[in-house]
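Engineer: Here my numbering runs 122 ahead of the position in the sequence shown, where the first position is 1.
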Amino acid sequence: MNLRIIYARALLAGLLAFMLLLPQQAMAGEDLPSAREGIRTMYVAVGPLNYGAKVPGVAQEWHEDCLEGRVQDCQRIARAFETGLGDLRKDVQAATGYLSRSCRISDGAACARAAEYLNEGFGGPSYPRHAAELAMRGCQQLRNDDACGYHGLAMWTGEGAAEDRAAALALWQRTCRDAVSESCRLLAGKLHYDSTASSDHARAADLYARACEGGAAWGCYGEALAFMKGRGRAKDDVRAFAFSQRACFESEGDTMHPCGLWAEYTVEHGKSSDSETAGTTLHMACVGGRATSCSMAALAAANNGLGTGILLQDGPFYARRGCELGLPNACVQLLNFYSPGAHPKVRASGYYQVALAKRACSLGHAQSCDLMRSTAIPDDFDEVNRIDFAAPIEQQLAEARQAVESGDARYGIERIARLMEEGDAEASWRLGNLFLEGYPGIIDRSPDDAIILIENAARVGHVEAAEFMGMAYWYGENVQQNHETGKSYMRIAISGGSEMAEAIYRSMLAEPERQRRAEAARRAAERARANAGRFDLGRAIASWKPNIGNYISTVDTSASWARYQARADQTAWNNAMSYASGRSSVCPSFNKYC
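#1: Taking a contact to mean a Cβ-Cβ separation below 9 Å, would you say L404 touches S415 in this structure?
#2: Quick one: give me the first and last residue of the alpha helix (DSSP H) that A362 is part of.
#3: Evaluate contact between the stretch 332–344 and the stretch 300–309, counting only Cβ atoms and requiring at least three cross-stretch pairs below 8 Å.
#4: I need the straight-line Cα distance from V720 to N458, nearest angstrom please.
#5: Anyone know if the C-beta pair for C196 and L171 falls short of 9 Å?
#6: Pick helix, strand or coil for R469, following the three-state DSSP scheme.
#7: Could you pull out every residue in the same chain whose Cβ sits closer than 6 Å to the Cβ of A254, ignoring the five residues on either side in sequence?
#8: Run through the stretch 162–234 for me and flag every whole alpha helix (DSSP H) of 4 or more residues, listed as ranges in chain order.
#9: List in chain order: all unbroken alpha helix (DSSP H) runs of 4+ residues lying wholly within the stretch 385–444.
#10: First and last residue of the alpha helix (DSSP H) that includes E527?
#11: Taking the continuous alpha helix (DSSP H) assigned at C270, which residues delimit it?
#12: For the putative contact between A362 and P380, defined by C-beta atoms under 8 Å, what is the C-beta separation to the nearest angstrom?
#13: Within 10 angstroms of its Cβ, does Y474 collect 16 or more other Cβ (buried), or is it exposed?
#14: For I573, which of helix, strand or coil comes out of DSSP?
#15: Let me know if A232 comes out buried or exposed under the rule of 16 or more other beta-carbons within 10 Å of its beta-carbon.
#16: Taking all protein chains shown into account, do 16 or more other C-beta atoms lie within 10 angstroms of the C-beta of N578, making it buried, or fewer, making it exposed?
#17: Assuming S417 and Q367 make a contact with CB atoms under 8 Å, what is their CB distance in whole Å?
#18: I'd like the list of long-range same chain contacts for G486, defined as Cβ closer than 8 Å, with 5 residues on each side in sequence excluded.
#19: Would I565 be called buried (16 or more neighbouring beta carbons within 10 Å of its own) or exposed?
#20: On a CA-only basis, which of G529, E624, P634 is nearest P562? Give me that one, please.
#21: Just the Cα atoms here: how many angstroms apart are W278 and R287?
#22: If the criterion is Cβ atoms closer than 9 Å, does the pair A327 and R353 meet it?
#23: Quick check: the stretch 485–500 against the stretch 509–518, are there 3 or more CB pairs under 8 Å?
#24: Starting from L556, follow the alpha helix (DSSP H) in both directions and report where the run begins and ends.
#25: Among the candidates R192, L207, V166, whose CA atom is the shortest distance from the CA of G180?
#26: Nearest by alpha-carbon distance to Y533: which of M542, A479, N507, G608 is it?
#27: Under the rule that 16 or more other beta-carbon atoms within 10 Å means buried, what is Q263, buried or exposed?
#28: Which residues in the same chain as S461 place their Cβ atom closer than 8 Å to its Cβ, once the five residues preceding and following it in sequence are excluded?
#29: When we look at the beta-carbon of T318 and count the other beta-carbons within 10 Å, is it buried (16 or more) or exposed?
#30: In whole angstroms, what is the alpha-carbon distance linking M494 and C483?
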């Protein structure tokens, strides 16, 4: 499936995207935080920091009441910051602070959630020591089994607490009472992944089965893995597929990995009735960070789509993503795309193949290691590969920029162009800016080529490119003026979290009213000229405000470099998965998976 088609749903969402700019529905009778009532920066402790959160309207009362010790208000404002509510913008770091406060009062469940956020660094830096302290309080003083799970995890890893694996295992065993608790999940994971004993594998499978019956996606996913690997269960691909399907479509919790596994099984075993849904799911899981889904998508691309709708032109994107996530097979797939005639847009290069083979070998791919031992590496390899082609794209682009700025412009621009050929949006954006201005002796100025490159980046969700194209279409700069297309691109920028795009979009929506007022003022001015002796012309036109606009100059945008985002929250994933599978007809453009 063409990446542009996947993201084109953002363009088709139309009025649905405007919902992002409207207050979200609250529980019956609950006031929504409104910016009209004022926004204050209010401080809450997040790990060692005193974090300043932007708090609008009634949420300021929740903040004050939380600090005074009202657990329900800590919970209320934490939930609001976890998801966004009214004019209060989603801010997981702020949510972590209010959860931490709730934990310190008397809320064991909040201890578990705050510990998870602080340990993983959701929304901000990771603070393992503070995570461990909250988890220990939630476990030992407030008797919360989920908190005990994270307390045990701190002891198991030695991050934030003294390492004591025996104590961690004993704690998980003692507090695995509710089948779907974090203690049970972590205990099952330890037994399944870290043990070599068949009895432990069988026990893990039983824990997974209990959790699956309780509706937890991680439980059904664990059962799928047990049947797939023959670990704790007799190997059975049919049952593995069935449990992956159940985990993806019939369970609660984090379903990214289960859905990715379901899609991989679907494509591998040729279940044609679900192949297009599987193709979309592979894309979403790859974006979410599942390397095997990236690899399966690349495989489909190289084999006429395998019924998924994934196109050959998108194969390098998926292979590169999987390679960056540490999957050696994906590095080999990317290597193959650099063979002569393998891809219509990617230019063959033996140098890049060597770099990727080295990367695959370092990740444990035996055949790549054999290839490296039997291949005569060119003498000038290190010179040609002075920016390592197997390095993460973000690193390559940073080094390419440095090369351009330090006098090695031809080499740096060539590297950017190579990554653009793979379908990388950031590379396309940067190269587009170079064509927009030109680069003496290397690139002739070409606004037409620039627009093609920048629009390609915008169509797949690149924030700055979407802002640029939104303004270009709004004002007709190097494209035919089209206000609706301009608004569509601005919605894509909003989906990437751009506050500037949201402000511009509001201005765009208000344009018809401004034009109506301007026309009224023009007519008033004409009447004034006809009756100049009866009233002051200046007073009649004083309210006329021409739309000067907020054009994003190339100078400003070309200075903006890579912006990468982590996987969206589970609500966004589940919404997109429901849309992909036909269970929902709505997937708004502000969801990055849609």
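Virtual Cβ for every residue (Gly too), placed ideally from N, Cα, C.
Structural biologist: With the given structure in hand:
#1: Translated into the one-based positions of the sequence shown, residue 404 becomes position 282. Translated into the one-based positions of the sequence shown, residue 415 becomes position 293. In contact: L404 and S415 (Cβ atoms closer than 9 Å).
#2: Here residue 362 refers to the residue found at position 240 of the sequence shown. Membership of A362 in the alpha helix (DSSP H) is indicated by the continuous run 359–371.
#3: The answer is yes - the stretch 300–309 touches the stretch 332–344, with three or more Cβ pairs under 8 Å.
#4: Residue 720 lies beyond the stretch modelled for the chain, which goes from 123 to 716, so this question has no answer here.
#5: Position 74 of the sequence shown, counting from 1, holds the residue named residue 196. Position 49 of the sequence shown, counting from 1, holds the residue named residue 171. With respect to the 9 Å criterion, C196 and L171 are not classified as neighbours on the basis of their beta carbons.
#6: The count along the sequence shown starts at 1 and reaches residue 469 at position 347. If DSSP states are grouped into helix, strand and coil, R469 belongs with coil.
#7: What you label residue 254 is simply residue 132 of the sequence shown in a count that begins at 1. Cβ within range, chain order: A276, G282, A283.
#8: Within the stretch 162–234, the complete alpha helix (DSSP H) segments at least 4 residues long are 181–189, 193–205, 214–227, listed from N- to C-terminus.
#9: Secondary structure remark: continuous alpha helix (DSSP H) runs of at least 4 residues inside the stretch 385–444, in chain order: 397–410, 413–424.
#10: In the sequence shown, residue 527 corresponds to position 405, counting from 1. Note, E527: alpha helix (DSSP H), 515–527.
#11: The sequence position of residue 270 within the sequence shown is 148, counting from 1. From DSSP, the alpha helix (DSSP H) with C270 extends over 267–279.
#12: Locating residue 362 in the sequence shown gives position 240, where the first residue counts as 1. Locating residue 380 in the sequence shown gives position 258, where the first residue counts as 1. Between the beta-carbon of A362 and that of P380 there is about 11 Å, and that puts the pair past the 8 Å contact cut.
#13: On the sequence shown, position 352 is the one that residue 474 refers to. Looking at its Cβ environment, which holds 16 or more other Cβ atoms inside 10 Å, Y474 is buried.
#14: On the sequence shown, position 451 is the one that residue 573 refers to. Looking at I573 - three-state DSSP - the assignment turns out to be helix.
#15: On the sequence shown, position 110 is the one that residue 232 refers to. Label assigned to A232: buried.
#16: Taking the sequence shown and counting its residues from 1, one reaches residue 578 at position 456. Counting Cβ neighbours within 10 Å, N578 comes out buried, since at least 16 surround it.
#17: The sequence position of residue 417 within the sequence shown is 295, counting from 1. The sequence position of residue 367 within the sequence shown is 245, counting from 1. Not confirmed; about 20 Å, so no contact.
#18: One-based indexing of the sequence shown puts residue 486 at position 364. The answer, listed in chain order, is P450.
#19: Counting from one through the sequence shown, the residue named residue 565 turns up at place 443. Result: buried.
#20: As a working mapping, residue 562 is identified with position 440 in the sequence shown. From the listed residues G529, E624, P634, the smallest Cα separation to P562 is found for G529.
#21: In the sequence shown, counting from the first residue as 1, residue 278 sits at position 156. In the sequence shown, counting from the first residue as 1, residue 287 sits at position 165. Rounded to whole angstroms, W278 to R287 spans 5 Å at the Cα level.
#22: Start at 1 with the first residue of the sequence shown, and residue 327 comes out as number 205. Start at 1 with the first residue of the sequence shown, and residue 353 comes out as number 231. Yes, they are a contact pair.
#23: No: fewer than three Cβ pairs fall under 8 Å.
#24: The residue labelled residue 556 in the question sits at position 434 within the sequence shown. Annotation: the continuous alpha helix (DSSP H) that includes L556 extends over 547–559.
#25: Position 58 of the sequence shown, counted from the first residue, corresponds to residue 180. For the sequence presented, residue 180 should be read as Val rather than Gly. Comparing Cα positions, the closest option is L207.
#26: If you number the sequence shown from 1, residue 533 lands on position 411. Among M542, A479, N507, G608, the Cα nearest to that of Y533 is on N507.
#27: Numbered from 1 along the sequence shown, position 141 holds the residue referred to as residue 263. Counting Cβ neighbours within 10 Å, Q263 comes out exposed, since fewer than 16 surround it.
#28: Numbered from 1 along the sequence shown, position 339 holds the residue referred to as residue 461. The residues are A470, Q475.
#29: Against the sequence shown, residue 318 aligns to sequence position 196. Exposed is the call here.
#30: Here residue 494 is taken as the residue at index 372 of the sequence shown, counted from 1. Here residue 483 is taken as the residue at index 361 of the sequence shown, counted from 1. Rounded to the nearest angstrom, the two C-alpha atoms are 8 Å apart.
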